[in-house]
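Worksheet: one structure, shown below.
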Amino acid sequence: MFLCPLFCFSSSFTLTLLYFIFTFISNNFISSCLSLSLIFLQHCPTFFPVVSIFLSSLFFSIVVSSLQLWVSFVSPENSEMAWLLILVLVFAVSQATADEEPYIGVNIGTDLSIMPHPTQVVALLKAQQIRHIRLYDADRGMLVALANSGIRVMVSIPNEQLLGIGQSNSTAANWVSRNIVAHYPATNITAICVGSEVLTTLPNAARILVNAMKFIHSALVASNLDNQIKVSSPLASSIILDSFPPSQAFFNRSWNPVLVPMLNFLQSTGSYLMLNIYPYYDYMQSNGVIPLDYALFKPLSPTKEAVDANTLVHYSNVFDAMVDATYFAMAFLNFTNIPVIVTETGWPSKGDSNEPDATMENANTYNSNLIRHVMNKTGTPKRPGIAVSTYIYELYNEDLKPGPISEKNWGLFDANGDPIYILRLTDSGSLLANDTTNQTYCTAKEGADPKMLQAALDWACGPGKVDCSPLLQGKPCYEPDNVIAHATYAFDTYYHRMGKTSDACDFNGVADITTTDPSHGSCIFPGSLGRNGTMVNITAPSMNSTTSDSPGRSIYGRGGFGSMLLVIKVMVWSLILL
Numbered sequence: 017m018f019l020c021p022l023f024c025f026s027s028s029f030t031l032t033l034l035y036f037i038f039t040f041i042s043n044n045f046i047s048s049c050l051s052l053s054l055i056f057l058q059h060c061p062t063f064f065p066v067v068s069i070f071l072s073s074l075f076f077s078i079v080v081s082s083l084q085l086w087v088s089f090v091s092p093e094n095s096e097m098a099w100l101l102i103l104v105l106v107f108a109v110s111q112a113t114a115d116e117e118p119y120i121g122v123n124i125g126t127d128l129s130i131m132p133h134p135t136q137v138v139a140l141l142k143a144q145q146i147r148h149i150r151l152y153d154a155d156r157g158m159l160v161a162l163a164n165s166g167i168r169v170m171v172s173i174p175n176e177q178l179l180g181i182g183q184s185n186s187t188a189a190n191w192v193s194r195n196i197v198a199h200y201p202a203t204n205i206t207a208i209c210v211g212s213e214v215l216t217t218l219p220n221a222a223r224i225l226v227n228a229m230k231f232i233h234s235a236l237v238a239s240n241l242d243n244q245i246k247v248s249s250p251l252a253s254s255i256i257l258d259s260f261p262p263s264q265a266f267f268n269r270s271w272n273p274v275l276v277p278m279l280n281f282l283q284s285t286g287s288y289l290m291l292n293i294y295p296y297y298d299y300m301q302s303n304g305v306i307p308l309d310y311a312l313f314k315p316l317s318p319t320k321e322a323v324d325a326n327t328l329v330h331y332s333n334v335f336d337a338m339v340d341a342t343y344f345a346m347a348f349l350n351f352t353n354i355p356v357i358v359t360e361t362g363w364p365s366k367g368d369s370n371e372p373d374a375t376m377e378n379a380n381t382y383n384s385n386l387i388r389h390v391m392n393k394t395g396t397p398k399r400p401g402i403a404v405s406t407y408i409y410e411l412y413n414e415d416l417k418p419g420p421i422s423e424k425n426w427g428l429f430d431a432n433g434d435p436i437y438i439l440r441l442t443d444s445g446s447l448l449a450n451d452t453t454n455q456t457y458c459t460a461k462e463g464a465d466p467k468m469l470q471a472a473l474d475w476a477c478g479p480g481k482v483d484c485s486p487l488l489q490g491k492p493c494y495e496p497d498n499v500i501a502h503a504t505y506a507f508d509t510y511y512h513r514m515g516k517t518s519d520a521c522d523f524n525g526v527a528d529i530t531t532t533d534p535s536h537g538s539c540i541f542p543g544s545l546g547r548n549g550t551m552v553n554i555t556a557p558s559m560n561s562t563t564s565d566s567p568g569r570s571i572y573g574r575g576g577f578g579s580m581l582l583v584i585k586v587m588v589w590s591l592i593l594l
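Residue numbers for the sequence shown follow this note's numbering, so the first one is 17 and each next one is one higher.
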C-alpha cells in the first residue's frame, strides 16, 4: 500500500501514456481512456492526500488535454461521447477528492436533565449547517432521526461495552448488525469510535482494545461496509510525552504494546488517528508557562511565538503544536502516513472560582478562532495547508456532568437550542452561523398591492419551490391568515434558500430586506434562532427558478434533445462510478 502512489506514477502512469498512443492510432481511444480513468480513480490511495490529489489532477489534465486534441479531429457524431467522457472525469475527480476537504463537526453528549428529542437535535443541526457529528453511543432514536438528513455521523461503542466486544467476534458482529447495518445508508455513518480515551480512563481494557477494533472491522468487511466506514479509537493527548518541542514528542512507551498494533491497524485499513486536544487543560496545568493568548489562537507577535529549537519552526497556538507532536510521535514509531482527526476540543464558558479563565468570552474566542483556523485550511507548521478536521466539544451544556462547574459548561447551546454565546464568524460561511447581530430577513413590503403579493406568493410556492406546507390550515404559520403574512413566510424562506442575496428578495418590487425577525408564536422563520431547535432547514438545494421555451444549446453545438441525452448518460455513468 505504501508503494501504491509510486506505482501509480511509475507503472500505471507510463502504461497509460503508451496506451493512449496505441488507442489513438487504433481509433478506440474513448473506451480505453474511460476504463483506465476509472481504474486509476478507484484504486489510487488516499493515504497521502497531497500526493494522490496531485497525481489524480495530473492524470486528469493529460486525459482532458488529449481529449480536446482528439475532439478537434473526429466527426461531430463521435465528439458527443468525447465531451461526455470529460464530464464523467470531472465528476469522478470531484468525488475522489471531495472527502479531502477539512470540516468542523460537533460532539453530542446526553448528560442533560432535559435532553431534546432527537428530531429537535437534528433540526438544530440542520439550522446551524452542522454536517458532521459524533455520538457517544449508537442511540437508535438519534440514528433514525438522522436518516436522510445528509449529516455525516460518527457513532461510538461506550467503554463499558468494550470487554464484551473485544473478547467475542460474534458480539462485535451483532453490534454492527444492530447499530450500523440496520441504519446505513439512510443514516450516513462514516466512522465507529471504539471506546474513548481507553488507555487513560480504562487501562484494564487496553489489552483488548485493538481486538475490539479488529472484530468491528471484520464485521464491516462481512457487510461490505469497510470502505465506507472507518474504525478508530479516540486517544487523550496526555499519552504524548514531552509534547514540546513537537519534534521531540513521543508516546508514553508503556503503551507501545497497544499503540503499535493500533497504528498498524489504522494504516492497513486506511483509517485515521483520533485525538482529543484540550488547550484549556494544558493552559490550566502549565502554572503560567503557557500564555492564555497562545491557548486561545489569538494572534501573537513572532517574539512571543513558541519555537521548536530542533526545527526552528514557530508555533502560535497549543492546538497546532499538539497536532504536530502527534505526527512526530507516530513518526518515532515509523508510522508516517496516518492522518489525524481531532475528535474533541473546546473551551468551557463557565467555571468555579478557581477557574477564572472559563468564561464565555474565552470560549467564544477559542471556538471562533478554531473554526476559522480549520476552515481556512491553514494547516500546521509541519503540514501547512493540510487542515485537520475537528469536532468541537460540544453541542449542548450537560448539566448532569459530575465534577466542577466547568464540566457542565462546554456546550454551544442550551437544552432549548438557544446559543450560550454568539460565535464571531461573520464572513466565515454558514457553519454555526448563530451570529444574529447582522441577521436579515425578507418580508412583504408594506402597502404592496395584494394582487401582486398573491401572484408572488403563488410563484414562490410553485416554480420557486418553497415548501409552503407550514402555511396550511392547522400548521404553525397558518395564522394570521392573510396574504401579507403568508407571503412574508414564503419570501423569507426563498431568500434564505438562495443564500440571502439581494436579488432573492425582490419579487417584482413587493418585498423588502429587514433586520426584524418576523417569527411569531410557533412559526419560526428561516435564520431565526427559535427555541427547541425547530428552525427551518435553510440548506440551499439545486434550484432553477426560471423557465424558457427556447431550445437548449449543447456544449458542442447540437440541439436540446442531444443535451438531454448527454445529461442522462452522465447520470448513468455517475451511478456506475459510485
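Just so it is clear, CB atoms sit at the ideal spot from N, CA and C, and this is done for glycine as well.
Assigned exposure category for residue i - 16 Cβ within 10 Å defines buried
i      : result
LEU151 : buried
ASN383 : buried
GLU213 : buried
LEU328 : exposed
ILE130 : exposed
VAL305 : exposed
PHE89  : Below a pLDDT of 50, predicted positions are generally treated as unreliable, and PHE89, at 49, falls in that range; the measurement from the model is reported next regardless. By the neighbour-count rule (16 or more Cβ atoms within 10 Å), PHE89 is not buried but exposed.
HIS133 : exposed
ARG269 : exposed
LYS467 : exposed
ALA202 : exposed
GLY182 : buried
ASP324 : buried
CYS477 : buried
LEU411 : buried
ASN350 : exposed
ILE174 : Note that residue 174 is Pro in the sequence shown, not Ile. PRO174 is exposed by the Cβ-count criterion.
GLY568 : Reliability of the predicted coordinates at GLY568 is poor, the pLDDT of 30 falling under 50, and the value obtained from them is presented with this limitation in mind. Its Cβ having fewer than 16 others within 10 Å, GLY568 is exposed.
LEU289 : buried
THR517 : exposed
GLU414 : buried
Beta carbon proximity, residue i to chain D, threshold 8 Å
i      : result
GLY490 : Here chain D cannot be found, since the structure has a single protein chain.
When the options are compared against residue i, the one with the closest alpha-carbon
i      : options                           : result
GLY401 : ASP242, MET391, HIS199 and ILE408 : MET391
ALA311 : SER317, PHE335, LEU469 and ASP324 : PHE335
ALA671 : SER369, SER254 and ASN370         : Any property of residue 671 remains undetermined from this structure, which presents the chain solely from 17 to 594.
ASP127 : PRO418, ASN333 and LYS230         : PRO418
VAL210 : PRO201, TYR200 and ILE224         : ILE224
LEU257 : ARG147, MET338, ALA431 and ARG194 : MET338
ASP465 : GLY180, VAL526, LEU159 and SER284 : VAL526
HIS502 : ASP519, THR517 and ILE540         : ILE540
TYR294 : ILE205, PRO492 and SER422         : SER422
ARG399 : PHE523, ALA228 and THR352         : THR352
CYS493 : PHE523, HIS536 and TYR409         : HIS536
ASN243 : LEU279, ASN280, SER284 and ALA222 : SER284
ASN164 : LEU178, THR135 and GLY125         : THR135
GLU176 : ALA228, MET170 and GLY367         : ALA228
SER186 : PHE231, VAL171 and ARG513         : PHE231
HIS330 : SER369, THR396 and ASP368         : THR396
C-beta atoms of residue i and residue j nearer than 8 Å
i      : j      : result
CYS521 : PHE507 : yes
LYS246 : ALA188 : no
ALA252 : ASN292 : yes
MET158 : VAL192 : no
ALA154 : ASN195 : yes
HIS148 : GLY121 : yes
THR459 : PRO534 : yes
LEU487 : TYR505 : yes
ALA347 : PHE260 : no
Residue i - partner residues in DSSP beta bridges
i      : result
HIS330 : VAL323
ASP528 : THR459
PHE266 : LEU257
ILE173 : VAL210
THR406 : ILE120 and VAL358
SER538 : Its beta-bridge partners do not exist; DSSP assigns none.
VAL641 : In this structure the chain extends from 17 to 594, so residue 641 is not present and cannot be described.
MET338 : Bridge partners of MET338: none, in fact.
Any non-hydrogen atom of the ligand MN within 7 Å of residue i CB
i      : result
ALA506 : No copy of the ligand MN occurs in the structure displayed, which carries no ligand at all.
Quick check: the stretch 434 to 441 against the stretch 486 to 500, are there 3 or more CB pairs under 8 Å?
The answer is no - the stretch 486 to 500 does not touch the stretch 434 to 441, with fewer than three Cβ pairs under 8 Å.
Would the stretch 218 to 232 and the stretch 258 to 265 be scored as touching if the rule is three or more Cβ pairs under 8 Å?
No, the stretch 218 to 232 is not in contact with the stretch 258 to 265.
Contact the stretch 271 to 282 vs the stretch 234 to 243: 3+ CB pairs below 8 Å
By the Cβ test, the stretch 271 to 282 is not in contact with the stretch 234 to 243, since fewer than three Cβ pairs between them sit closer than 8 Å.
Does the pairing of the stretch 343 to 362 with the stretch 298 to 305 give three or more beta-carbon distances under 8 Å?
Segments in contact, no.
Using 8 Å as the threshold, is the stretch 135 to 144 in touch with the stretch 417 to 427, meaning 3 or more CB pairs across them?
The stretch 135 to 144 is not in contact with the stretch 417 to 427.
At a cut of 8 Å, does the stretch 312 to 324 reach the stretch 350 to 359 through at least three beta carbon pairs?
Short answer: they don't touch.
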